[in-house]
Amino acid sequence: MFKALVLAVASVCAVQASGSVPVFVWSPESLAPAVSSGFAPSATEIANQITTSKAEEDKTIVVFLQDKLSNFDFSRYAGSDGVSSPLLQSLLHNTNSHVYDNVLDAADIVRHTVTKTADRTHEIESVAELDILDLGDGVHTILVKLSSPATTGAANQFAVNDKLIGDVMEKIARATNDKYVAVLTASEPSEYLDLNFVHKLSTVKHRRQAEEGDADPSEGGAKAIDPATVQNRYFSAPIITGLFVLAIFTFLIYFGSYTLCEMQSPIRFQDPSIPLVGKEE
């Protein structure tokens, strides 16, 4: 146990927290009210909320810590059904939960929690490691290290992490008789550019353009869009309309001028029996 504690504390102290990351808190039993101060809550406030709930309800604490995580990751790695973490979402939906979108230095939550339960802190990376722990003999803190998605196979790793969360929580729930509070957070936000995700967006865009007639589907993608083409597309109709209105306006001026001249000219009769005024006989 001492070795596990040293590993847990060492890994937490090695974390260099920077930026804001999401924090998810859930428990089958009651939670302290959500932290709401008008601004983004601090890691210390959330940590106090978690440990307070544990002290009052005698709950085991489970902390899932990922190296990098951002809110955008949940939509970036969503599957065909639009869901990226179905097991996590199920846990949040079926328990009392709080979700904080942006928390600065969220790794302080882990430091604070480990300090409170230093004699019963365990670090694990797989479900099998839970089997050697006797979780029914009191309150424990379980630190679960999650692998961060990389640019290669990122969506698959995100799904693997979700399954690990589900499997760990299933065992924890049975061992503690649902007396636990769980946290998911990260050391720092995801800042890398997922080229695979960008390629997917580009493919969808090209497919839509092909369906709208902007590209030849037989060429396997959309043709490049010429800025002049875009300009002509959006401005040719107003120009044609303006020329048409100008032509009508010119015609009205010409017709009006001709009519005015005719009204000011002497009236001529075609009847030869009526002499014209001023004509010599």
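Residues -19 to -1, 1 to 262 (mature numbering (1 follows the signal peptide of the UniProt record, and there is no 0)) are what the sequence shown spells out, left to right.
Ideal Cβ positions, reconstructed from N, Cα and C, are used throughout, including at glycine.
Remember, it's a predicted structure, so these values are computed and weren't measured experimentally.
Q. Hey, is the region 116 to 134 in contact with the region 20 to 29, meaning 3+ C-beta pairs nearer than 8 Å?
A. no
Q. Under the rule that 16 or more other beta-carbon atoms within 10 Å means buried, what is Arg155, buried or exposed?
A. exposed
Q. Given Phe139, which residues of its chain have a CB within under 8 Å of its CB, disregarding the five upstream and five downstream residues?
A. Asp54, Tyr58, Ser65, Ser66, Pro130
(Q) Please return the same chain residues whose Cβ sits closer than 6 Å to the Cβ of Asp143, not counting the five positions on each side in sequence. (A) Correct list, in chain order: Ser66, Leu68, Leu69.
Q) How about Val84 and Val164: are their beta carbons less than 8 Å apart? A) In this structure, Val164 does not lie closer than 8 Å to Val84 by Cβ.
Q. In or out: Thr222 buried (at least 16 other Cβ within 10 Å) or exposed?
A. exposed
Q.
Can you find the residues in the same chain that come closer than 8 Å, C-beta to C-beta, to Gly12, ignoring five residues on each side of it along the sequence?
A. Looking at the sequence shown, residue 12 is not Gly but Leu. Closer than 8 Å at the Cβ level, and outside the excluded window around Leu12, lie Val6, Gln30, Ser34, Asn77, Ser78, His79, Val162.
Q. CA-CA distance, Ser1 and Ala88?
A. 10 Å
Q. From this set, Ser71, Tyr235, Pro170, which residue's C-alpha is nearest Pro3's C-alpha?
A. Pro170
Q) Which of the three DSSP states, helix, strand or coil, is assigned to Asp175? A) Because the pLDDT of Asp175 is 45, which lies under 50, any placement of that residue in the model is unreliable, and the question is left without a value.
Q) Does the separation of the CB atoms of Leu124 and Leu72 fall below 8 Å? A) Not in contact: Leu124 and Leu72 (Cβ atoms no closer than 8 Å).
Q.
If you reduce the DSSP assignment to three classes, tell me which class Lys152 lands in.
A. The answer is helix: DSSP assigns Lys152 an H, G or I state.
Q | For His103, three-class secondary structure by DSSP | A | strand
Q) Is Ser1 helix, strand or coil when you go by DSSP? A) In the three-state DSSP reduction, Ser1 falls in the strand class (E or B).
**Q.** Val149 beta carbon less than 8 Å from that of Leu114
**A.** no
Q) Just curious, the beta strand (DSSP E) that His74 is in, first and last residue? A) No beta strand (DSSP E) contains His74, which is instead part of the alpha helix (DSSP H) from 67 to 75.
Q) Do Thr122 and Ile27 have their CB atoms nearer than 8 Å? A) It is not a contact, given that the beta carbons lie outside the stated cut-off.
Q | Any chain B beta carbon closer than 8 Å to Ala154 | A | In the structure shown, chain B does not exist; there is a single protein chain.
Q | Residue of Phe230, Asp82, Val108, Lys49 minimising C-alpha distance to Ile146 | A | Val108
(Q) Please report the straight-line C-alpha distance between Tyr81 and Leu224, rounded to a whole angstrom. (A) Cα-Cα distance, rounded: 58 Å.
Q.
Judging by CA-CA distance, which residue of Ser168, Val120, Ala136 is the nearest neighbour of Thr157?
A. Val120
Q) Which residues in the same chain have their Cβ closer than 6 Å to the Cβ of Phe216, if we skip the five residues on either side of it in sequence? A) For Phe216, the predicted model reports a pLDDT of 44, less than 50, meaning its position is unreliable; a value from the coordinates is still stated below. Result list for Phe216: empty, nothing under 6 Å.
Q: With a threshold of 16 other CB atoms inside 10 Å of the CB of Glu151, please say whether the residue is buried or exposed.
A: Label assigned to Glu151: exposed.
(Q) Given this structure, state the Cα-to-Cα distance separating His74 from Ser8, to the nearest angstrom. (A) 11 Å
Q: For Thr104, count neighbouring C-beta atoms within 10 Å of its own C-beta (all shown protein chains included) and say buried if the count is 16 or more, exposed if not.
A: Note on identity: in this sequence residue 104 is Glu, with Thr being the wrong assignment. Result: buried.
Q) Quick one: Cα of Thr96 to Cα of Ile153, how far? A) Just so you know, the alpha carbons of Thr96 and Ile153 end up roughly 21 Å apart.
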